[in-house]
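When you line the sequence shown up against this note's numbering, it's residues 67 to 357, in that order. We treat Cβ as the ideally placed atom computed from N, Cα and C, and that holds for glycine. Beneath this line is the structure, given in C-alpha cells, with notes to follow.
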Amino acid sequence: MGIIIGSGFAETISEDIISDRKNYGNNFETIKKTKSKKFFEELQKHKIDFPRISQQPKNNGKWLIKEYQSFGGIKVKLFKESEQINEKAYLQKFIDGDLISVQFFVENKNIDILAICDQIITNSTKGLFLIKSLVTKKIKINLSKKIYNLIKKISKIFSLKGINNLDLILQEKKIFLLEVNPRPGLSTNILQSIHKNIFKSENAKKKITFNGYHSSTVIYARKEIKINQKKKIFLKKFCLSNLFSELPDLGDIIKVDEPICLLHLKSKDRILLNKKIEQIQSSFLRKIEEI
67 MGIIIGSGFA ETISEDIISD RKNYGNNFET IKKTKSKKFF EELQKHKIDF
117 PRISQQPKNN GKWLIKEYQS FGGIKVKLFK ESEQINEKAY LQKFIDGDLI
167 SVQFFVENKN IDILAICDQI ITNSTKGLFL IKSLVTKKIK INLSKKIYNL
217 IKKISKIFSL KGINNLDLIL QEKKIFLLEV NPRPGLSTNI LQSIHKNIFK
267 SENAKKKITF NGYHSSTVIY ARKEIKINQK KKIFLKKFCL SNLFSELPDL
317 GDIIKVDEPI CLLHLKSKDR ILLNKKIEQI QSSFLRKIEE I
C-alpha cells in the first residue's frame, strides 16, 4: 500500500512511519529537516533570503513567535516581551509584503509549478496568524522565472519529492522564503480542479496557464460548537456538494478559532469570488450556530 503524508501530520511525526511502503512524497529525514533549525542553517549557507530569526527576546520592532511544527498559521502569533521561548520555537522578524503560496511537483529532477496563490490571513481572537483562504494568482513571467529558480534550488538542497509548497513574501523586487512545506496542504482541492494528474511530471514547467480564480477557504468556529445529531443532519443537507470538504463527525467539539470545514469555490472574477466566499461562509456559520 502506498503512502503520502499530509498537512498537520507531517509536522508532528517523530519516527519513520513510511517503512518499506511505496512513498508518493518526501521521506522522513526531509520532513524532519525542513521543520528544524537545520532548515535555516541551509538557507543561510546557500544565501537564500528569509526574515531574520532569533532565539532571544527582541524589542526592536515586530516579531512573530513560531513553532517548528506550525502549519496553517497554527502555533504562529505576535511575540510579547513577557513570553518565554522554548527549544521548539523561534522568533521571526515580521516584514510587510504580499504573502503567497506556491505549489509544485518534483519527480526525477523535473519540476512543475502547479499553482501560485494569494495567502489570506484571518483575524483570530487568540492572536494567531491563521490562514483563511488560498486564491490562485496571476503573476508576471519574470516573477514566475524567479520563483521557479528558487524552487529548483530548494528542491536540490532538501532533496524534495512529490507535492510541496513554499510560503513566500514578495517585497518590491525581493523574495523572502518563510517556509518549505514538504507535503500536500490546503491547496489540494485547488490542484485537483486545475490538473488532471498532479502525480505525473513529463517536462519541467516553469509557469502555469491561468484559467480563472480557484479558492479554498477554512471556515473557523466563532464560538464553541458541539456536533450533535441536528448539526450533523444540517451538515449533510447544507454541504451536500463538492463545495465543502473536511466536515466534522458526530460528537466532535470545535473550539473558537478551530476549523469546522473547508469551502471550495471558483470564478472568473476575483471580486465576485470574494463576495461569494463571504456570503456562503456567513450563512453557514449563522445556521450551524442557531441549531
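- Ranked by Cα distance from residue 231, the options 220, 243, 248 and 219 are led by 248.
- Residue 335 is a Cβ neighbour of residue 279, given a cutoff of 9 Å.
- When DSSP reads this structure, residue 142 sits in a beta bridge with 132.
- Residue 253 and residue 169 have their C-alpha atoms spaced approximately 8 Å apart.
- The C-alpha of residue 164 is placed about 15 Å away from the C-alpha of residue 195.
- The Cβ neighbour count for residue 191, taken over all protein chains shown within 10 Å, is under 16; the residue is labelled exposed.
- Burial is judged here by how many other beta carbons sit within 10 angstroms of a residue's own beta carbon; residue 329 has at least 16 and is buried.
- Taking a cut-off of 8 Å for Cβ pairs, the segment 170–184 and the segment 226–243 touch, as three or more such pairs fall below it.
- Listed in chain order, the non-local C-beta contacts of residue 255 below 6 Å within the same chain comprise 282 and 330, local neighbours out to five positions each way being set aside.
- Bridge partners of residue 310 according to DSSP: 329.
- Beta-bridge partners of residue 247 (DSSP): 231.
- Here residue 220 carries a helix assignment [DSSP, helix/strand/coil].
- For residue 348, the enclosing alpha helix (DSSP H) has its first and last residue at 336–356.
- Remark: C-beta atoms of residue 325 and residue 344 do not approach each other more closely than 9 Å.
- DSSP places residue 100 in the uninterrupted alpha helix (DSSP H) bounded by 94–100.
- The beta carbon of residue 234 is closer than 7 Å to those of 166, 168, 241, 242, 243 and 244 in its chain, skipping five residues each way along the sequence.
- Here residue 99 is buried: its Cβ has 16 or more other Cβ atoms, across all protein chains shown, within 10 Å.
- If you draw a straight line from the Cα of residue 113 to the Cα of residue 293, it comes to about 49 Å.
- Cβ atoms of residue 297 and residue 357 come within 8 Å of each other, at about 5 Å.
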